[in-house]
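Asks: Below is one structure. I have some questions about it.
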Amino acid sequence: MPDPRPLNPGAPGQIAGYRLTGLLGQGGQGVVYLGIAPSGGKVAIKILHAWMADDSDARRRFLREVEIARRVAPFCTARVLDAGLHDDGPYIVSEYVPGPSLDQVIRESGPRTGGGLERLAVATVSALAAIHRAGVVHRDFKPGNVILGPEGPVVIDFGISRANDHTVTRSGSVGTPGYMSPEQFTGETVSQASDVFSWAATMVYAATGHRAFTGDTVPAVLNAILHHEPDLSGVPDDLRSLLATCLSKDAGLRPTASELHRTLTGDSGHAATLIAPAPPRPAPTAPLPVPGEARSTGPAQTQAADPAPGPDPAQTQPADRAQGPAQRQPADPAQGPDPARTPSADSVQPRPAERHETRSSEPDEDATNPVPPAGPPTRPSPPGRPSRRRVLVAGGGVLVAAAAALTLPSLLRGDDGEPTTPTTTTPSSPSGAARTAPPFGTPLYKPLAGHSDDVRSVALGRIDGTLVALTGSDDDTARIWDLTDGTPVGAPFEGHTGWVRSVAFAAAGSAQVAVTASDDTTVRIWDITTRTELGRLTGHTRPVKATAAGDLRGTPIAVSGGQDTVVRVWDVANHRSFGDPLSGHTATVWSIALGTLTGTPVAVTASDDGTVRVWNLITRRQIRSISAGGGEGVRALAIYELDGVTYAVTGGQDAAVRVWNLSTGAQTGPTLTGHSGPVWALAAGNLNGTPVAVSGGEDGTVRVWDLRAGRPLGSPFRGHDDRIWSVAFGDLAGDPIAVSGGRDNMIRVWSLASPPR
Numbered sequence: 058m059p060d061p062r063p064l065n066p067g068a069p070g071q072i073a074g075y076r077l078t079g080l081l082g083q084g085g086q087g088v089v090y091l092g093i094a095p096s097g098g099k100v101a102i103k104i105l106h107a108w109m110a111d112d113s114d115a116r117r118r119f120l121r122e123v124e125i126a127r128r129v130a131p132f133c134t135a136r137v138l139d140a141g142l143h144d145d146g147p148y149i150v151s152e153y154v155p156g157p158s159l160d161q162v163i164r165e166s167g168p169r170t171g172g173g174l175e176r177l178a179v180a181t182v183s184a185l186a187a188i189h190r191a192g193v194v195h196r197d198f199k200p201g202n203v204i205l206g207p208e209g210p211v212v213i214d215f216g217i218s219r220a221n222d223h224t225v226t227r228s229g230s231v232g233t234p235g236y237m238s239p240e241q242f243t244g245e246t247v248s249q250a251s252d253v254f255s256w257a258a259t260m261v262y263a264a265t266g267h268r269a270f271t272g273d274t275v276p277a278v279l280n281a282i283l284h285h286e287p288d289l290s291g292v293p294d295d296l297r298s299l300l301a302t303c304l305s306k307d308a309g310l311r312p313t314a315s316e317l318h319r320t321l322t323g324d325s326g327h328a329a330t331l332i333a334p335a336p337p338r339p340a341p342t343a344p345l346p347v348p349g350e351a352r353s354t355g356p357a358q359t360q361a362a363d364p365a366p367g368p369d370p371a372q373t374q375p376a377d378r379a380q381g382p383a384q385r386q387p388a389d390p391a392q393g394p395d396p397a398r399t400p401s402a403d404s405v406q407p408r409p410a411e412r413h414e415t416r417s418s419e420p421d422e423d424a425t426n427p428v429p430p431a432g433p434p435t436r437p438s439p440p441g442r443p444s445r446r447r448v449l450v451a452g453g454g455v456l457v458a459a460a461a462a463l464t465l466p467s468l469l470r471g472d473d474g475e476p477t478t479p480t481t482t483t484p485s486s487p488s489g490a491a492r493t494a495p496p497f498g499t500p501l502y503k504p505l506a507g508h509s510d511d512v513r514s515v516a517l518g519r520i521d522g523t524l525v526a527l528t529g530s531d532d533d534t535a536r537i538w539d540l541t542d543g544t545p546v547g548a549p550f551e552g553h554t555g556w557v558r559s560v561a562f563a564a565a566g567s568a569q570v571a572v573t574a575s576d577d578t579t580v581r582i583w584d585i586t587t588r589t590e591l592g593r594l595t596g597h598t599r600p601v602k603a604t605a606a607g608d609l610r611g612t613p614i615a616v617s618g619g620q621d622t623v624v625r626v627w628d629v630a631n632h633r634s635f636g637d638p639l640s641g642h643t644a645t646v647w648s649i650a651l652g653t654l655t656g657t658p659v660a661v662t663a664s665d666d667g668t669v670r671v672w673n674l675i676t677r678r679q680i681r682s683i684s685a686g687g688g689e690g691v692r693a694l695a696i697y698e699l700d701g702v703t704y705a706v707t708g709g710q711d712a713a714v715r716v717w718n719l720s721t722g723a724q725t726g727p728t729l730t731g732h733s734g735p736v737w738a739l740a741a742g743n744l745n746g747t748p749v750a751v752s753g754g755e756d757g758t759v760r761v762w763d764l765r766a767g768r769p770l771g772s773p774f775r776g777h778d779d780r781i782w783s784v785a786f787g788d789l790a791g792d793p794i795a796v797s798g799g800r801d802n803m804i805r806v807w808s809l810a811s812p813p814r
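Residue numbers for the sequence shown follow our numbering, so the first one is 58 and each next one is one higher.
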């Protein structure tokens, strides 16, 4: 299991007699702590996320882990020792297995070779065969879920496992990209053959140090799994054909785990006949579903929408439930669980806006001139470069925040749950000739010209792997730009009757869409290929200033706010309101970001009332209000995650940039000063392991800040002729970039490569 980290603020100190001493990890279902039993032995304690505790289905799935784990032979799993309720939330106590994960060993020591590799293959396939004999499909077999304990490999984390007598299709098919089988993405039944595919992908990694299916983005990895042959370079000859068969895209051609065990151990009496892999299947006619991006529009998919497993949350196993903690004594890790005290899953109940005819000398006042009422959806001509392309939001997590003040992680974590960067964008390598990145702060090419008025908002995404920018403008349109060469992609989005203040990329079922928010009081959903308006979201009574888009437990959502001070959540696929508005701000809401806070999906909002507010998107309640504006309005916001802690970066009318710990509400580090006027835009990202913020302001400069050191990085970027309204952070062909839009109607792209020390 991973080495424990210090407990986060607010973590419980004790649960039902078990003293908590460290954090082992967190994933889609819960948080896993290292604990000490009354006897002094170490245990692993898994607690269901607080925001899921009132969800009876989530509780049932969580507690099912106990039942599933007990069906599996104990030699290959961590024993369940105890289970119960704490503060009305279920927990599971299991054996603590000391030792690193296979992923950790490969990363630190390199690939396994010779007899070591063979022993690993036999031991892990033995464990997989035992799991399958118990009628269980693990569904997340990966290097991070194999612990190399003192007594041999142990398979952990049955939190998303299913009994084999259940039909499991995409709505319940959660796993880790890079090790998931094709059927986990295509909606076919997920059977034990899926685990065989995942086991083989794990063995390729163990033997070579690289993954069988690679890509610079999660969607690219998924595309490789569905359409490309595995990379078996470096796999020993005696394993290569076997693993190739296991990695067949046709589940029916893969051997069983028992057949694999007999083949690996040379049991000729039961030798398996292994069939050569079939040619790749034809590409699916429907677009590739991507977790956190394209989702079914049916009922909420709570299992599929759970965040991808976090930093090897490790190990505890769900199932059923028991008496209250006051009536029970903690289990001793030296003994097995008391079946009489194990809970049963069945017992768990648990005014129209108006058009600006003249430009105010002030940046963006709440006063708005008359705007014609929003008319019916228009049907613009098709764009000049039609293509049924998919946009991949350059942001991550299960809640993929795609907004001008974009944020955070989730599916942009490494394949074993470790965050690869706390950034808002996805690294990628767009097609095109190789190039040398210009120095830090250098424009990549001439400004992008096309808008006829201020560029208010920039969001980044990907079309066919190419980094693109979606921009919104005071010319009432939005546009898409190819950032590899700075050219426009297709026609503008036309139809708004007021300034387009904020834009985002989002998913709507199997389609990718653009989301735009406007002074005409509407939020609109657009087909990115035809530029056709798909839906109009109404409810705001005054101009809408901010939007962000993401995924909430399987439902694609957009969140918006503006002059009416309320924050609204929308179902993007069905074009309707999603629950009650979030009320609390007392002035215009200018910026929104989506992310998670200790496992809870949240919206973070910034307002002219001087506060940043954090909202629980499940309960619709305010978690925290932070006075973040230095006594003045907060106009810009970005969030990022570092070492498991979620932070907000804010800017506003006092010209300062500040960082806030969203768990505690406290300011972190010094107030960052340098701008000579209000800060109107922020984005957060990662430069070579350093968390950074990019800011733009009234003074017409773009600035980069080292958030760890609390200082500026290099000199301000100058080029815009007037104030800067929007910035974004991205990765172009492996090199970091910043994108800015301003009052000069231009979009500029800046190199962030080789930042000064």
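Built from N, CA and C at the ideal position, the CB exists for glycine as well. Just so you know, these numbers come straight off a predicted model, no measurement behind them.
Using C-beta distances below 6 Å, list every residue in its chain close to P293, excluding the 5 sequence neighbours before and after it, in chain order.
Replies: Around P293: no qualifying Cβ.
Asks: Using CA atoms only, rank isn't needed, just tell me which of D584, V623, T528 and A750 is closest to R599.
Replies: Comparing Cα-Cα distances from R599 to each of D584, V623, T528 and A750, the minimum goes to V623.
Asks: Could you give the DSSP three-state label for G173: helix, strand or coil?
Replies: G173 falls in the helix class under three-state DSSP.
Asks: Helix, strand or coil for G201 per DSSP?
Replies: Three-state DSSP puts G201 in a helix.
Asks: For D792 and S811, I'd like the C-alpha separation in whole angstroms.
Replies: Roughly 9 Å between the two C-alpha positions.
Asks: Does the pairing of the region 707-719 with the region 680-694 give three or more beta-carbon distances under 8 Å?
Replies: Output reads yes: the region 680-694 touches the region 707-719.
Asks: Let's test the definition: count the other Cβ atoms within 10 Å of the Cβ of N745 and tell me whether it reaches 16, buried, or not, exposed.
Replies: Under this definition N745 is an exposed residue.
Asks: So, under 8 Å CB-CB, L505 and I804 are touching, yes? Tell me the CB distance rounded to an integer number of Å.
Replies: Correct: roughly 4 Å between the Cβ atoms.
Asks: Below 6 Å CB to CB, which residues in the same chain sit around P131 once its five sequence neighbours on both sides are set aside?
Replies: Excluding sequence neighbours, P131 sits near nothing in its chain.
Asks: Where does F254 sit, in a helix, a strand or coil, going by DSSP?
Replies: Looking at F254 - three-state DSSP - the assignment turns out to be helix.
Asks: What residue range does the beta strand (DSSP E) around E698 cover?
Replies: Unbroken beta strand (DSSP E) run through E698: V691 to L699.
Asks: Report the option in P727, I675, R677 and A740 whose CA atom is closest to the CA atom of E698.
Replies: It is A740 whose Cα lies nearest to the Cα of E698.
Asks: In chain order, what residues of the same chain have a beta carbon less than 7 Å from the beta carbon of F254, not counting five sequence neighbours either side?
Replies: These residues qualify, in order along the chain: S238, C303, L304 and R311.
Asks: Among the residues of its own chain, which have a CB less than 8 Å from the CB of F270, if the five just before and after it don't count?
Replies: Contacts found: G235, A258, V278, A281, I282, H285, P287 and D288.
Asks: State whether the region 784-800 contacts the region 513-529, with contact taken as three or more CB pairs (one from each stretch) at a distance under 8 Å.
Replies: Contact holds: three or more Cβ-Cβ distances are below 8 Å.
Asks: Nearest CA to the CA of P276: which residue from V88, I520 and Y90?
Replies: Of the candidates V88, I520 and Y90, the one whose C-alpha sits nearest the C-alpha of P276 is I520.
Asks: Assign R62 to one of three DSSP states: helix, strand, or coil.
Replies: Of the three classes helix, strand and coil, the one that applies to R62 here is strand, per DSSP.
Asks: Assuming P210 is part of the beta strand (DSSP E), what are its boundary residues?
Replies: It spans G209 to V212 - the beta strand (DSSP E) in which P210 sits, taken as one unbroken run.
Asks: Ordered along the chain, which non-local residues of its own chain (more than five positions away) have a Cβ less than 6 Å from that of R800?
Replies: Result list for R800: D511, D779 and R780, in chain order.
Asks: Round the Cβ separation of H318 and S183 to the nearest angstrom and send it over; I've been treating them as touching at under 8 Å.
Replies: Yes, they are in contact, since the Cβ atoms of H318 and S183 sit about 6 Å apart, within 8 Å.
Asks: Give me, in chain order, the residues of the same chain whose beta-carbon lies closer than 6 Å to that of A180; leave out the 5 immediate sequence neighbours on both sides.
Replies: Excluding residues within five positions, the ones whose Cβ falls inside 6 Å are G209 and P210.
Asks: Relative to the C-alpha of G636, which candidate in G619, L609 and G652 has its C-alpha closest?
Replies: Minimum Cα distance to G636 is reached at L609.
Asks: At what residue ranges does the region 672-740 contain a whole run of the beta strand (DSSP E), taking only runs of 3 or more?
Replies: The qualifying runs are 678-684, 691-699, 702-709 and 714-718.
Asks: By alpha-carbon positions, which one of V193, R196, N202 and S151 ends up nearest to V162?
Replies: When each option's Cα is compared against that of V162, the closest is N202.
Asks: Are T662 and A603 close, meaning C-beta to C-beta below 9 Å?
Replies: Yes, the Cβ-Cβ distance between T662 and A603 is below 9 Å.
Asks: Could you tell me whether the region 526-538 touches the region 494-503, where touching means 3 or more Cβ pairs closer than 8 Å?
Replies: No, because fewer than three Cβ pairs between the region 526-538 and the region 494-503 fall closer than 8 Å, the two stretches do not touch.
Asks: With DSSP collapsed to three states, give me the class of D295.
Replies: If DSSP states are grouped into helix, strand and coil, D295 belongs with the helices.
Asks: State the beta-bridge partners of G799 as determined by DSSP.
Replies: Answer by DSSP bridge pairing, in chain order: I781.
Asks: Go ahead and pull the three-state DSSP assignment for G543.
Replies: Here G543 sits in coil by DSSP.
Asks: Provide the residue(s) that pair with I93 in DSSP beta bridges, ordered along the chain.
Replies: DSSP lists R76 and K99 as partners of I93.
Asks: What three-state label does DSSP hand I649 in the structure shown?
Replies: Looking at I649 - three-state DSSP - the assignment turns out to be strand.
Asks: What are the residues that DSSP puts in a beta bridge with A140?
Replies: Paired residues: I149.
Asks: Within the same chain, show all residues whose beta-carbon is closer than 6 Å to that of P429, passing over the 5 residues directly before and after it, in chain order.
Replies: Note that P429 scores a pLDDT of 38, beneath 50, so its modelled location is shaky and nothing firm can be said.
Asks: Tell me, please, whether the region 64-80 touches the region 668-683 by the rule of three or more beta-carbon pairs shorter than 8 Å.
Replies: No: fewer than three Cβ pairs fall under 8 Å.
Asks: Whose CA, out of D576, L296 and Y153, lies closest to the CA of T322?
Replies: Among D576, L296 and Y153, the Cα nearest to that of T322 is on L296.
Asks: Starting from Q620, follow the alpha helix (DSSP H) in both directions and report where the run begins and ends.
Replies: That residue, Q620, is in no alpha helix (DSSP H); it is neither H nor E in DSSP.
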